[in-house]
Amino acid sequence: MDSTTQVSAILILLLTLVVNVLFSRRRRQPFGLRSIPAFALLTPTIGAAIEANHPLHLSYGSSALGGENTVLALASSELFYQVARQAAIGDTTPILTTSAPSTLPLAQDTLRRAYQSRGLLNRYHYSSARWYPAGPRSLAFAAALTSMLRDDDVHASVLVGGFGSELALIAEAAARRDQTLIAASDQPEGQAIAYVLADEALIGEEMFAAGAYLDENPRASANAAVSDVLRWLLVLALVVATLSAGNQAFAQLLGELLARLQGGG
Amino acid sequence: MRVRFGALLPSAIAIGFGLLTLIGLLAGGDGSLFDLLTTLFLQIVVITVALAFLLGILNLLLVHLGRLFGRKRGALYSLVLLLSFVLALTLAILERTGGLPARPAGERPLSMILLETVQVSIESALAGLLVFALVYGAYRMLRRRVTWGGLLFLAALLTVLLGEIAARGVFESPLLLSFRTWLSSVPVSAGARGLLLGIALATVIAGVRVLIGQDRSYRE
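If you want it as structure tokens, here you go:
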């Protein structure tokens, strides 16, 4: 790793830490949470599943602990925890699926914690967290899920994790059975398909905001505020970089400004 | 404030290992103590993930045995899966122990041939269905509600599909070809990068939350 990357990584981490600490200490966040239709749809969907006495299906896709998308697996877990916690009062346990075996213990623990938080641990069953092998192109996983949606008479699916184009098969099976689908993926192909085929889709960093929208603790909304602040800073940095790349005079002005900040002129 | 040791220990382990690994990765292969520790931790992760694979197989078998003996819907598929598992496992064991006649040199093992003829061909057939699922999706989206986003998607889909046909020489349309190239290299590429940047940003925030002990997975 070269020194520029090291310094940039340290700066980004420090900035994130500072903004996070600043916002976590505030009781009221300066920005309200913007409306995200997928989160708005979740609560009535969970209620309808409980009424219909059919299970909800939650899936990590290929998000794996120990892989590149470890943090995504943790973020999906937070979302699934909130959904399972709300669904725990129903008679049927939500089904958690994954194609990454390393995520299976996380899935089991997520369900266990959700039921424990409601004092209903006796209703939790280990087989509600399931591993389906992915195969070379994740299509075997998609085939297994399409079959599971029918066999377990699923009411709705929440697919948030690593999904590619195979998401189209799952979404089509859900649509055929008139099951609600909320989906999101960290892969552009999966994200595009989620936008087109799902009833509602979470886009980009919205996947990481479940705590802010579904947790009863108001401090959880600090994360969404941190994300918004950092996103605007990133947009600003991109605009400045684009302007300096396309405009010689602006680049010179920026260089002089940086030199003055460093005490050079 | 009462602090539960059972909740504190996982947080302490996650924070400690996370910080050491982060420092080691930032130090970047300089052979220091942090670098050696990072390599060791990553090796432990690889071994743990390999062990999790066994856990996954056990889970798969238990779920399908439960379905079979509980005579639930789809029990027949569970039976097929269990029989396939036993067959594949037996074949692999016989190959390793020399229980099968030796294959001529250069030929692939039987288990690999079985995998390629069954799984790969079925997966290829499923991949062929993807395009129909997408077209159905476009129809469903426009039937549900006609939005500017939906119309834009349909226009982009038609441009890409017609452009692909033109690129294969079925008909000539240089304007369509250049528009398709511009579409995939400018707006599509920019959109994908925007999505990935947003995800990367959120990943950094979530990672920092784990490092400062705010993540729920380690708190309860």
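Protein chains in written order, with the working numbering: chain A, 2 to 266; chain B, 19 to 238. Even for Gly, the Cβ is constructed at its ideal location relative to N, Cα and C.
- Contact with chain A is found for methionine 159/B, since one of that chain's Cβ atoms lies less than 8 Å from the residue's Cβ.
- When the beta-carbon positions are compared, glycine 91/A and asparagine 54/A come within less than 8 Å of each other.
- For alanine 169/A, the closest of Tyr154/B, Ile217/B, Phe189/B and Pro205/B by C-alpha to C-alpha distance is Tyr154/B.
- Around the C-beta of histidine 82/B, 16 or more other C-beta atoms lie within 10 Å, and the residue is accordingly described as buried.
- Per the coordinates, the alpha-carbon of serine 29/B lies some 47 Å from the alpha-carbon of isoleucine 131/B.
- When rounded, the separation of the alpha-carbon atoms in methionine 208/A and serine 228/A is 12 Å.
- Between the region 60 to 71 of chain A and the region 97 to 116 of chain A there are three or more inter-stretch CB-CB distances shorter than 8 Å, so the stretches are counted as touching.
- Against chain B, the CB of alanine 141/A has a partner CB under 8 Å away; the residue lies at that interface.
- According to the DSSP assignment, histidine 58/A belongs to the beta strand (DSSP E) that extends over 57 to 62.
- Shown here for leucine 259/A: not one same chain residue has a beta carbon closer than 8 Å to its own, the five before and five after excluded.
- Taking a C-beta distance under 8 Å as the contact criterion, glutamate 206/A and alanine 220/B qualify as a contact pair.
- Distance from the CA atom of threonine 94/A to the CA atom of proline 56/A, rounded to whole angstroms, is 6 Å.
- Interface criterion met: the Cβ of proline 102/A is under 8 Å from a Cβ in chain B.
- Across the set Gly68/A, Thr44/A, Leu75/A and Thr104/A, the C-alpha of Thr44/A shows the shortest separation from the C-alpha of alanine 89/A.
- One finds nothing in chain A with a Cβ atom closer than 8 Å to the Cβ of glutamine 61/B; even the nearest lies about 11 Å away.
- The three-state secondary structure of glutamate 125/B, taken from DSSP, is coil.
- Looking only at Gly212/A, Gly162/A and Thr6/A, the smallest Cα-Cα distance to arginine 86/A is reached by Gly212/A.
- For asparagine 123/A, none of the residues of chain B pass the 7 Å Cβ criterion, the least Cβ distance being about 18 Å.
- Spanning the alpha carbons of alanine 108/A and serine 245/A requires a straight line of approximately 47 Å.
- In the assembly as shown, glutamate 182/B is an exposed residue. Its beta-carbon has fewer than 16 other beta-carbons within 10 Å.
- At a cut-off of 4 residues, the continuous stretches assigned as alpha helix (DSSP H) that sit fully inside the region 71 to 113 of chain A are 71 to 88.
- At least 8 Å separates the CB of threonine 199/B from every CB of chain A.
- Collapsing the DSSP output to three states places arginine 131/A in a strand.
- With a threshold of 8 Å between beta carbons, aspartate 53/B makes no contact with chain A.
- Bounds of the beta strand (DSSP E) holding valine 161/A are 157 to 163.
- Between the alpha carbons of valine 178/B and alanine 185/B lies a gap of roughly 10 Å.
- Chain order gives the chain B residues near glycine 205/A as Leu213, Gly216 and Ile217, where near means a beta carbon separation below 7 Å.
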